[in-house]
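Trainee: Residue 35 in our numbering sits at position 35 of the sequence shown, with consecutive numbering throughout. Could you have a look at this structure, given as structure tokens, before my questions?
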Amino acid sequence: MMGKLGGTPAIRALLAFGSGCIGGAIFKGLGFPLPWTLGSLTAAAIIAMVGLDWKLPSAARNAARPIIGVMAGSAFTVEVARSMVHWWQAILPLVAFLVLITLAGRVFFTRFCGFDRTTAFFASTPGGLSELTLLGAQYGGNIRQLVLIHSTRIITVVFLVPFVVRLIFDLEGGGKSGTAHAPEVFSALDWLVLLGCAAVGYVIGRPLKVVGGVMVVPLILSAFVHGTGLTHLPPPSWLVALVQVVIGCVAGSRFAGVQWHEVRTSVVQGLAWTSIMLLAALAAAGLCSTFVEASVPALLLAFAPGGIAEMTIVAFAMGIEVAFVVCCHVFRSIFLVAAAPALYRGLHKD
């Protein structure tokens, strides 16, 4: 009965978005880090778990991803481009981290959670939810378990990392983002350029959706126009908050339909494994900070096993070396989509 409340899909979407805005405003008033994302996520998760059919359509997330790409691209200034030559030092440690954490997760899920080998492998791989769920299903994994494990991972990372950054590094925002802090006075040309990057990038990137093309191509276009000086302005703060609410609502709505027995099993298992990955990411960040030209908070965000869109939002909203974090997550997304099937076949030759 409760699931029928809310009227048409458009009305339910508006109710979901309004609830997310209220949740964000409450978290902002309470002084929480990343309030618009975490507040909307919490509101959406509560609505989903009590059974109300309020959620944003998938089109909302598809529309948000190119905007996130444009936001991230605005961090690629000329100064940032010069420093990119030193970032290769983070790639090899990142590859080693991804492979080792996947192997460790495979052991965790088979020995302690009773997963079959295929589901265990694709549940432990810290890539995108859609990509790994599809790959796991292709090889015969349990789709429901994969969706729950990866949803729990992404939501937990987005929720915990801002608190960890604040607690350990005493950093909430205004870090070294690489984004120009210009007054938010937009000309018609600025809007045309930014909207053009999002629209053209989305159209070009759609065929590359499996490797995040709808976000990555707008990111590349935005990086080009900002790096060449065609525009110096990042997206306005109100648009950043709006996208955070959309991402939070979409993430929280993933708890829709979760049964209590699944909370006691798959969700708890996902929480345990995500905690282990975050501790490993923190250790890797501390180790890499001794030879990589990036701060420990930036390295933590780079190694954190969240989704590419979600981690971009976290880095941008907290002002933590956005360009570096984004480059690491774009590489991670592409690497895992390309390498996971080969690694899986190598481990399961029998």
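Think of the CB as a built atom: it goes at the ideal place given N, C-alpha and C, for glycine as much as any other residue. For clarity, every value in this text was computed on a predicted model and none was experimentally measured.
Going along the chain, which residues of its own chain have a beta-carbon closer than 8 Å to the beta-carbon of L148, five neighbours each way excluded?
Mentor: Within the sequence shown, numbered from 1, the residue matching residue 148 stands at position 148. Cβ within range, chain order: V258, E262, S266, V267, G270.
Trainee: Where does E262 fall in DSSP's three states?
Mentor: On the sequence shown, position 262 is the one that residue 262 refers to. Note: E262 maps to helix in three-state DSSP.
Trainee: Measuring CB atoms only, is the stretch 123–136 touching the stretch 227–237, in the sense that at least three cross pairs come out at less than 8 Å?
Mentor: Counting Cβ pairs under 8 Å, fewer than three are found: no touch.
Trainee: How is F115 classed by DSSP in three states: helix, strand or coil?
Mentor: In the sequence shown, counting from the first residue as 1, residue 115 sits at position 115. Residue state, collapsed to three classes: coil.
Trainee: Distance check for M318 and A90, CA to CA, integer angstroms please.
Mentor: As a first step, residue 90 must be located in the sequence shown, where it is residue number 90. As a first step, residue 318 must be located in the sequence shown, where it is residue number 318. Rounded to whole angstroms, A90 to M318 spans 21 Å at the Cα level.
Trainee: If we count Cβ pairs, one from each stretch, closer than 8 Å, do we get three or more for the stretch 288–303 versus the stretch 80–95?
Mentor: The answer is yes - the stretch 80–95 touches the stretch 288–303, with three or more Cβ pairs under 8 Å.
Trainee: Short check: CB of T118 to CB of G141, under 8 Å?
Mentor: Stepping through the sequence shown from its first residue, residue 118 is reached at position 118. Stepping through the sequence shown from its first residue, residue 141 is reached at position 141. Yes. Within cutoff.
Trainee: Taking the alpha helix (DSSP H) that H226 falls in, what are its first and last residues?
Mentor: For the purposes of this step, residue 226 is taken as residue 226 along the sequence shown, with counting starting at 1. Per DSSP, H226 belongs to the alpha helix (DSSP H) from 213–227.
Trainee: If V70 sits next to L194, beta carbons under 8 Å apart, how far is it from one beta carbon to the other, in whole angstroms?
Mentor: Sequence index remark: in the sequence shown, residue 70 carries index 70 (1-based). Sequence index remark: in the sequence shown, residue 194 carries index 194 (1-based). The Cβ separation is near 6 Å, so the contact holds.
Trainee: Taking the alpha carbon of V337 as the point to measure from, which residue in V243, G196, G128 has its own alpha carbon closest?
Mentor: Walking along the sequence shown from the start, residue 337 turns up at place 337. Checked all of V243, G196, G128; the closest Cα to V337 is G128.
Trainee: Taking all protein chains shown into account, decide if S187 is buried (16 or more other Cβ within 10 angstroms of its Cβ) or exposed.
Mentor: One-based indexing of the sequence shown puts residue 187 at position 187. Exposed is the call here.
Trainee: With a cut-off of 8 Å on the beta carbons, I'd call V246 and A10 a contact; round off their distance for me.
Mentor: Locating residue 246 in the sequence shown gives position 246, where the first residue counts as 1. Locating residue 10 in the sequence shown gives position 10, where the first residue counts as 1. Rounded, the Cβ-Cβ distance is 15 Å, inconsistent with contact.
Trainee: According to DSSP, is P33 part of a helix, a strand, or is it coil?
Mentor: Translated into positions along the sequence shown, residue 33 becomes position 33. Coil.
Trainee: Identify, in the order they occur along the chain, each residue of the same chain with its Cβ nearer than 8 Å to the Cβ of V296, setting aside the five sequence neighbours on each side.
Mentor: The residue given as residue 296 occupies position 296 in the sequence shown. F169, A285, G286, S289, listed in sequence order.
Trainee: Going straight from the alpha carbon of A387 to that of V165, what length do you get?
Mentor: In the structure as shown, the chain starts at 1 and stops at 350, and residue 387 therefore has no counterpart that could be examined.
Trainee: At the level of alpha carbons, what is the spacing between L279 and H226?
Mentor: Here residue 279 refers to the residue found at position 279 of the sequence shown. Here residue 226 refers to the residue found at position 226 of the sequence shown. Rounded to whole angstroms, L279 to H226 spans 35 Å at the Cα level.
Trainee: Look at the alpha carbon of G196 and the alpha carbon of A48, and state the distance between them as a whole number of angstroms.
Mentor: Locating residue 196 in the sequence shown gives position 196, where the first residue counts as 1. Locating residue 48 in the sequence shown gives position 48, where the first residue counts as 1. Each residue's Cα considered, the two are about 35 Å apart.
Trainee: Using a threshold of 8 Å, state whether the C-beta atoms of V330 and V216 are closer than that.
Mentor: As a working mapping, residue 330 is identified with position 330 in the sequence shown. As a working mapping, residue 216 is identified with position 216 in the sequence shown. Yes, the pair counts as a contact, with Cβ atoms nearer than the cut-off.
Trainee: Quick one: grab the DSSP three-state call for G306.
Mentor: The residue you call residue 306 lines up with position 306 of the sequence shown. Reduced to three states, the DSSP call for G306 is coil.
Trainee: Could you please give the first and the last residue of the uninterrupted alpha helix (DSSP H) stretch that includes L146?
Mentor: Taking the sequence shown and counting its residues from 1, the one referred to as residue 146 is at position 146. 143–169 is the extent of the alpha helix (DSSP H) around L146.
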